[in-house]
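Chemist: The working numbering runs 1362 ahead of the 1-based position in the sequence shown.
C-beta atoms are modelled at their ideal positions from N, C-alpha and C, and glycine is treated no differently.
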Amino acid sequence: MKCNVDRQMFGEQNANTIKSIFEVAKIANEVGALIIPAHIDEYNGLGSASVDILEKFYGDASINAAQVVHKEFLNLSTANGQ
């Protein structure tokens, strides 16, 4: 696998890679995959990255969407284009 995730770990919560989020996004983009960071408002996964890293990552034009789990963190005025 291009992201070096152990095939036996696919679908497991603790599956991981040593590649950066930028490297994984680049690989996904190169093969035409949608890039949708999940659970961005949780305290695991991307939630552990610094604000600077996240701003740079989310500013990347190849990021297609983001999944927000807790509606309390969703700014509805922004989501509605207001």
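1) Whole angstroms is fine: what's the gap from G1421's alpha carbon to V1430's?
2) Only counting the same chain, and skipping five residues up and downstream in sequence, which positions put a Cβ closer than 6 Å to that of I1425?
3) Expressed to the nearest angstrom, what Euclidean distance is found between the alpha-carbon atoms of I1389 and H1432?
4) Which residues in the same chain have their Cβ closer than 8 Å to the Cβ of I1380, if we skip the five residues on either side of it in sequence?
Modeler: Put simply:
1) 17 Å
2) I1397
3) 29 Å
4) N1366
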